[in-house]
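Peer 1: Those protein sequences? They're chains Y and Z, same order as listed.
The opening residue of the first sequence carries number 1 in my numbering; numbering runs sequentially from there.
The opening residue of the second sequence carries number 114 in my numbering; numbering runs sequentially from there.
Even for Gly, the Cβ is constructed at its ideal location relative to N, Cα and C.
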Amino acid sequence: NAGVTQTPKFQVLKTGQSMTLQCAQDMNHEYMSWYRQDPGMGLRLIHYSVGAGITDQGEVPNGYNVSRSTTEDFPLRLLSAAPSQTSVYFCATSLGGSSLEQYFGPGTRLTVT
Amino acid sequence: AQTVTQSQPEMSVQEAETVTLSCTYDTSESDYYLFWYKQPPSRQMILVIRQEAYKQQNATENRFSVNFQKAAKSFSLKISDSQLGDAAMYFCAYRSAGYGNKLVFGAGTILRVKS
C-alpha cells in the first residue's frame, strides 16, 4: 500500500515548456486535489475532483489543466509554464463523504526559469 | 469565501516549555471543521489535530491541544513540553462541512525549538 505518490520529486522547466505532474493513489479514495505552496501564502487549491470523470476549479486554477479518467490517477498539466508557477505542488486524497482525513503526497518542487 | 489568518510568521520556544500558535478565520458558515497541520523539513504534511465546530469541547491529542473560540473565530494550538522534533512549519486550515473536501490554509507559522 503506497498511499499517495507524486512524480517527479523535482523538476526544472524553461518558460513556455509543458509538463504533467503525476499523482496516484491506491486507497480507492474518491476525492483528489492539487495544492500549490508558496512562501507566505500557505497552500492554495488549484483543482479538485470528487470522482472519476468529475473535476472542478479551486482558488488558483489559471494555467493548469486536470482530468480524472480513473479513480487512482489525477494528473496536473502545465500547458505553457511561467515563472509564476514556480512552487511546491501537493496532491491530496480523501475517502469522501463525511471523512475528514486528507492524505498528502510528498510534493513536487517545480522551478520555472 | 472563507479566509484563515496566522499572524505569527515565526515563533520560538525553549525545549520542555509551552507555546501557543494563533489562528483566526472568517466564515459565514455555522458548521465546519478546523485543522492544524505540521510540515517538517521533509515537506510531508502531517495532521496534528482537528476540531469539529459543533463540538464545544476543545480537542486534545497528547501534548497538543486547541483553544477553539467559535464566537471569536479563533483556533489556537498549544504545544506542551515542546520537543526538538516539534520544530516545523504549522498550518491552520478550514474546511466547510458540506459537500467536497476543500481546505483553506493560513500562511503558516515557523516554530523553532531551542535546546
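1. Count the other C-beta atoms from every protein chain shown that fall within 10 angstroms of the C-beta of Tyr167(Z), then say buried if there are 16 or more, exposed otherwise.
2. Could you give the first and the last residue of the continuous beta strand (DSSP E) run that contains Thr137(Z)?
3. Which stretch, first to last residue, makes up the beta strand (DSSP E) that contains His47(Y)?
4. Just to confirm, are Leu190(Z) and Phe177(Z) a CB contact at a threshold of 8 Å?
5. Can you tell me which residues form a DSSP beta bridge with Gln37(Y)?
6. For Asp56(Y), does the three-state DSSP call read helix, strand or coil?
7. Less than 8 Å between the beta carbons of Gly221(Z) and Tyr207(Z), yes or no?
8. Exposed or buried, what is Phe188(Z) when buried is set at 16 or more other beta-carbons lying within 10 Å of its beta-carbon?
9. Report the three-state DSSP secondary structure of Asp194(Z) (helix, strand or coil).
10. Inspect the beta-carbon positions of Gln6(Y) and Gly96(Y) and report whether they are closer than 8 Å.
11. Tell me whether the region 41-54 of chain Y and the region 9-23 of chain Y touch, counting them as touching only if at least three CB pairs, one residue from each stretch, are closer than 8 Å.
12. Does the beta carbon of Met19(Y) sit closer than 8 Å to a beta carbon anywhere in chain Z?
13. Enumerate in chain order the residues of its own chain whose CB-to-CB distance from Lys151(Z) is below 7 Å, with the five nearest sequence positions on each side excluded.
14. Please say whether Gly58(Y) and Leu45(Y) have beta carbons closer to each other than 8 Å?
15. Under the three-state reduction of DSSP, which class applies to Asp144(Z): helix, strand or coil?
16. Leaving out five residues on either side along the sequence, give the residues of the same chain with a beta carbon under 6 Å from the beta carbon of Gln22(Y).
17. Rounded to the nearest angstrom, what separates Lys215(Z) and Ala114(Z) at their Cα positions?
18. Give me, in chain order, the residues of the same chain whose beta-carbon lies closer than 7 Å to that of Gln85(Y); leave out the 5 immediate sequence neighbours on both sides.
19. Within the region 2-39 of chain Y, note down every full beta strand (DSSP E) run reaching 3 residues or more, in order along the chain.
Peer 2: On the basis of the coordinates in this document:
1. exposed
2. Thr137 to Asp139
3. Gly42 to Gly51
4. The Cβ-Cβ distance between Leu190(Z) and Phe177(Z) falls below 8 Å.
5. Leu43(Y) and Val88(Y)
6. strand
7. no
8. buried
9. Three-state DSSP puts Asp194(Z) in coil, outside helix and strand.
10. Remark: C-beta atoms of Gln6(Y) and Gly96(Y) do not approach each other more closely than 8 Å.
11. no
12. no
13. Closer than 7 Å at the Cβ level, and outside the excluded window around Lys151(Z), lie Ile159, Val161, Ala201 and Tyr203.
14. yes
15. coil
16. Once the five neighbours on either side are set aside, the close Cβ partners of Gln22(Y) are Thr7 and Pro75.
17. Roughly 12 Å between the two C-alpha positions.
18. Gly63, Leu78, Leu110 and Val112
19. 4-7, 10-13, 19-25 and 31-38
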